[in-house]
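Student:
Residue numbers (the working numbering), protein chains in the order written: chain F, 1 to 424; chain S, 1001 to 1424.
1. Are the C-beta of residue 1152 (chain S) and some C-beta of chain F separated by less than 9 Å?
2. Per the contact definition of three or more C-beta pairs closer than 8 Å, is the stretch 353-372 of chain F in contact with the stretch 392-401 of chain F?
3. I need the straight-line Cα distance from residue 1053 (chain S) to residue 1062 (chain S), nearest angstrom please.
4. Run through chain F and tell me which residues come within less than 7 Å of residue 1040 (chain S), C-beta to C-beta.
5. Going along the chain, which unbroken runs of the beta strand (DSSP E) with 3 or more residues stay wholly within the stretch 1219-1268 of chain S?
6. Are the beta-carbon atoms belonging to residue 189 (chain F) and residue 417 (chain F) less than 9 Å from one another?
7. Answer with buried or exposed for residue 148 (chain F), where buried requires no fewer than 16 other C-beta atoms within 10 angstroms of its C-beta.
8. At 7 Å on the CB atoms, spell out the chain F contacts of residue 1059 (chain S), in chain order.
9. Taking contact to mean 3 or more Cβ pairs, one atom from each stretch, closer than 8 Å, check whether the stretch 374-387 of chain F and the stretch 331-346 of chain F are in contact.
10. Please list, in chain order, the residues of the stretch 1007-1032 of chain S that have any C-beta partner in chain F closer than 7 Å.
11. So is residue 1149 (chain S) in contact with chain F if we call contact Cβ pairs under 9 Å?
12. Out of F:50, F:144, F:23 and F:114, which one is the CA nearest neighbour of residue 95 (chain F)?
13. With DSSP as the reference, label residue 397 (chain F) as helix, strand or coil.
14. What does the alpha-carbon distance come out to for the pair residue 1008 (chain S) and residue 1039 (chain S)?
15. Counting along the chain, where does the alpha helix (DSSP H) carrying residue 1295 (chain S) start and finish?
16. By the 9 Å beta-carbon criterion, what residues does the stretch 180-212 of chain F contribute toward chain S?
17. Which residues in chain F sit within 9 Å of residue 1082 (chain S), going by Cβ to Cβ distance?
18. Quick one: what does DSSP say residue 416 (chain F) is sitting in, helix, strand or coil?
19. Given residue 1349 (chain S), which residues of its chain have a CB within under 6 Å of its CB, disregarding the five upstream and five downstream residues?
20. When burial is assigned at 16 or more other CB atoms within 10 Å of the CB, is residue 1041 (chain S) buried or exposed?
21. Decide if residue 1287 (chain S) is buried, meaning its Cβ has at least 16 other Cβ atoms within 10 Å, or exposed.
22. Between S:1083, S:1125, S:1003 and S:1284, which lies nearest to residue 75 (chain F) when the distance is taken from Cα to Cα?
23. I'd like to know if residue 1056 (chain S) contacts chain F, where contact means its C-beta is closer than 9 Å to some C-beta of that chain.
24. For residue 1012 (chain S), is the classification buried or exposed, using 16 other Cβ atoms within 10 angstroms of its Cβ as the cut-off for buried?
25. How close, in whole Å, do the beta carbons of residue 316 (chain F) and residue 274 (chain F) come, if the pair is a contact with beta carbons under 8 Å?
26. Which value, in whole angstroms, describes the spacing of the CA atoms of residue 1507 (chain S) and residue 1236 (chain S)?
27. Taking 9 Å as the CB-CB limit, is residue 100 (chain F) close to chain S?
28. Between the beta-carbon of residue 306 (chain F) and the beta-carbon of residue 320 (chain F), is there less than 9 Å?
29. To which residues of the same chain is residue 202 (chain F) closer than 7 Å at the C-beta, ignoring the five residues directly before and after it?
30. Using 9 Å as the limit for Cβ to Cβ distance, is residue 1411 (chain S) near chain F?
31. Can you list, in chain order, the residues of the stretch 1241-1258 of chain S whose Cβ is nearer than 9 Å to any Cβ on chain A?
32. Tell me which residue opens and which closes the alpha helix (DSSP H) that residue 57 (chain F) is part of.
33. Are residue 150 (chain F) and residue 112 (chain F) close, meaning C-beta to C-beta below 9 Å?
34. Within the same chain, show all residues whose beta-carbon is closer than 8 Å to that of residue 1224 (chain S), passing over the 5 residues directly before and after it, in chain order.
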């Protein structure tokens, strides 16, 4: 008997008929002797509907008071889901009880709409499991130290599920989603993309952070930090397929690099076009300038991704970085109104028509020449590289958005990702 | 500067445009110097939508576990409303903050779907008011001593508003609704029905409990217990009408029988067809028999209204009472399966085609012959009376449902309710 956490996305919860199927699947696992905790998302479309209503009424100025109310509203989507799933499980003859984030409680900081989980008290949930109940917990949300409702931001239910699995030392956390695993890249872009049966935690972290939409990055971080075995699998298989078959399907995110792991140099190609590039021109090249620029951005709670500082000319340098497109206008305003005047920058330039394409693989650690192979493949296609960043297991380039698909296909081919790798 | 509680129904909250109008109205009151607490209902249709989803998934058997989940789901309707209204007020330039029942907290017992408020801690709300904020509180819901979400049942937002007004010793609680006050009877049935500018708390209590849908009965009980001045007024007046005019519109429910009060013998005619009649035939006429029958019904959490025990024949008697039609089948099952075998009753009969019509008035206390005037008016119309109950300020009859409108019109005419009463 193991403690298992299931997470179901909004599509799986999209109608009462689908919720009934989720209940049947969970009941199958519970009847097989497992202690079950389930974290469902809001019914698909519900969060957008709620935030759409809020947007119609919102003041122009964003304030903490406004963000607090957005969380108050958005959190209800998951609350409805957990109640409905509990009822559906009861109809299956199971004992089931639902909890909101504040009831567990899931403690978070107070960063409304993008809060971070700080701790989870599992006493209440554990008591219900011991009493033979299936426990259903709202994803995406928690409560701060002053008793305000917070949400974790889009995709936050993945993080909730992993955090619960970590707190309860679950045997495995199964993320049911509308894809059947993690692929070498997005199959909608490269038809030859191949499903990976395992991927290392570090690779998954890079894939997630680089725009592979399968898992929310913070959920992968959590899984890594607490070593929660995480499996991504399809919610579209019939609920009554053999439980052993189901338990070994999808992609397992592992922490050991054992022989069973695939030994490709590059495991996958990630990409995103959610970012925008910003360049602050002509700032004095002196100590502290990076902090002066990025400190202000960080204070405004804007996440920065790629950062590049060019070599200086005449004591002046250009400073470039990328932010999420949603934060683009806010960042530009901030730089023009506050940072440029105080730093003496000559100009602030922005470009939203960019994308980032990355190759990811643990094998890059021990193989030289991987990055240059990437640059040549792009060059062969006539694609100009605007920015480059590298880490131990990934290399990313920022290019013109219109070349994204072309670049991904070229790299997938260059690194022979359509073929099963040979053991090293 | 006074502390004022506003309560808005689902129709007033039915769209973002209407919510914006509510915000403008509340802002007008706040700008006039009042400390404002607002209790809005769920957007119209929302509670039905949510419970409809739940019903599609529900097991056949009702259990406490199921009712708990229904409350979990239904409570979200008001949570969305308070968030949206807070945002709309912020857009009006006001500082506003919303709270759910559990955040205030509003403590209730654990009777899911029909919980009762036990206490309200006003410290948090008062601190926000002192800080110049408009405070918006979810109606309809609370939290029990184990931290479970509870709801107060349909119309519970009225009760929440009055309870909050009582806890905070508000100057007045204004219930904005889709009628412009309390009428002598339903104007849809009697065109000559007249709005009362004041009504005594006791009369209002009878009107509410007898089926006048203007206010939920528990809200009137609360208002009476804590002497909260309560005003029912229209939410359809333009938000920018003169505040003095608005503050004296509608119907005020008062606690003093002063000269200003209207001196009619009968103030209004109430009616409902929500009840069903049940008769347990041939039970032994011995001490304890009423308890044996009604105790079992009360244990099943079924409210009983009119109760009549007929005179006995041969040591046997017939015992009749009415319950809400929603509880009818459950009551019949209970009586046939449990009560009849243990009491030796010969038969359990039921009739759902009944209605109750009542005349209400403080003046009945000091005027004889009011009931007989009622019976004659009904007799003149050829309407047979099935059950009669009386209290100090009301007389009710149960009649065939098909005569309801006829009876109400006849009584409205007989007691000259279409005319302003003359001072006594």
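No residue lacks a Cβ here, since even glycine has one placed at the ideal position from N, Cα and C.
Tutor: Well, looking at it:
1. Start at 1 with the first residue of the second chain, and residue 1152 (chain S) comes out as number 152. By this cut-off, residue 1152 (chain S) is not an interface position.
2. yes
3. Looking up residue 1053 (chain S) in the second chain gives position 53. Looking up residue 1062 (chain S) in the second chain gives position 62. About 16 Å.
4. Numbered from 1 along the second chain, position 40 holds the residue referred to as residue 1040 (chain S). Residues of chain F with a Cβ closer than 7 Å to the Cβ of residue 1040 (chain S) do not exist; the shortest Cβ-Cβ separation is about 13 Å.
5. Qualifying beta strand (DSSP E) stretches, in chain order: 1230-1234 and 1251-1254.
6. For the purposes of this step, residue 189 (chain F) is identified with residue 189 of the first chain, where counting begins at 1. For the purposes of this step, residue 417 (chain F) is identified with residue 417 of the first chain, where counting begins at 1. Going by C-beta atoms, residue 189 (chain F) is not nearer than 9 Å to residue 417 (chain F).
7. Position 148 of the first chain, counting from 1, holds the residue named residue 148 (chain F). Flag for residue 148 (chain F) reads buried.
8. Walking along the second chain from the start, residue 1059 (chain S) turns up at place 59. Under the 7 Å cutoff, chain F gives 90 and 91.
9. With the rule of 3 Cβ pairs closer than 8 Å, the stretch 374-387 of chain F does not count as touching the stretch 331-346 of chain F.
10. In summary, the residues of the stretch 1007-1032 of chain S whose CB is separated from some CB of chain F by less than 7 Å are 1016, 1019 and 1020, in the order they occur in the chain.
11. Here the question's residue 1149 (chain S) lines up with position 149 in the second chain. Yes, its Cβ sits closer than 9 Å to a Cβ of chain F.
12. The count along the first chain starts at 1 and reaches residue 95 (chain F) at position 95. Among F:50, F:144, F:23 and F:114, the Cα nearest to that of residue 95 (chain F) belongs to F:23.
13. The residue given as residue 397 (chain F) occupies position 397 in the first chain. Strand.
14. Mapped onto the second chain, residue 1008 (chain S) falls at position 8. Mapped onto the second chain, residue 1039 (chain S) falls at position 39. Those two C-alpha atoms are separated by around 6 Å.
15. As a first step, residue 1295 (chain S) must be located in the second chain, where it is residue number 295. 1289-1299 is the extent of the alpha helix (DSSP H) around residue 1295 (chain S).
16. none
17. Here residue 1082 (chain S) corresponds to residue number 82 of the second chain, with the count starting at 1. Those are 69, 72 and 73, listed as they occur along chain F.
18. Along the first chain, read from residue 1 onward, the residue named residue 416 (chain F) stands at position 416. Looking at residue 416 (chain F) - three-state DSSP - the assignment turns out to be coil, as it is neither helix nor strand.
19. As a first step, residue 1349 (chain S) is located in the second chain; it is residue number 349 there, counting from the start. Correct list, in chain order: 1279.
20. The residue given as residue 1041 (chain S) occupies position 41 in the second chain. Buried, since its Cβ has 16 or more Cβ neighbours within 10 Å.
21. Locating residue 1287 (chain S) in the second chain gives position 287, counting from the first residue. So residue 1287 (chain S) counts as exposed.
22. Your numbering for residue 75 (chain F) matches position 75 in the first chain. Of the candidates S:1083, S:1125, S:1003 and S:1284, the one whose C-alpha sits nearest the C-alpha of residue 75 (chain F) is S:1083.
23. Here residue 1056 (chain S) is taken as the residue at index 56 of the second chain, counted from 1. Yes, contact with chain F.
24. To locate residue 1012 (chain S), count along the second chain from 1; it is residue 12. By the 10 Å Cβ count, residue 1012 (chain S) comes out buried.
25. Counted from its first residue, the first chain places residue 316 (chain F) at position 316. Counted from its first residue, the first chain places residue 274 (chain F) at position 274. That pair is no contact at about 31 Å.
26. Within the shown structure, residues of chain S are numbered from 1001 to 1424, placing residue 1507 (chain S) beyond reach of any answer.
27. What you label residue 100 (chain F) is simply residue 100 of the first chain in a count that begins at 1. Under the Cβ criterion of 9 Å, residue 100 (chain F) is counted among the residues facing chain S.
28. Reading the first chain from its first residue, position 306 is the one you call residue 306 (chain F). Reading the first chain from its first residue, position 320 is the one you call residue 320 (chain F). Cβ atoms of residue 306 (chain F) and residue 320 (chain F): closer than 9 Å.
29. Against the first chain, residue 202 (chain F) aligns to sequence position 202. If we look at residue 202 (chain F) and ignore the five residues flanking it on each side, its Cβ neighbours are 362 and 393.
30. Here the question's residue 1411 (chain S) lines up with position 411 in the second chain. Residue 1411 (chain S) does not count as touching chain F.
31. Of the protein chains in this structure, namely F and S, none is chain A.
32. For the purposes of this step, residue 57 (chain F) is identified with residue 57 of the first chain, where counting begins at 1. Residue 57 (chain F) -> alpha helix (DSSP H) spans 46-57.
33. For the purposes of this step, residue 150 (chain F) is taken as residue 150 along the first chain, with counting starting at 1. For the purposes of this step, residue 112 (chain F) is taken as residue 112 along the first chain, with counting starting at 1. Cβ atoms of residue 150 (chain F) and residue 112 (chain F): closer than 9 Å.
34. Position 224 of the second chain, counted from the first residue, corresponds to residue 1224 (chain S). Here residue 1224 (chain S) has 1201, 1202, 1205 and 1255 as same chain residues with Cβ atoms under 8 Å from its own Cβ, once five neighbours each way along the sequence are excluded.
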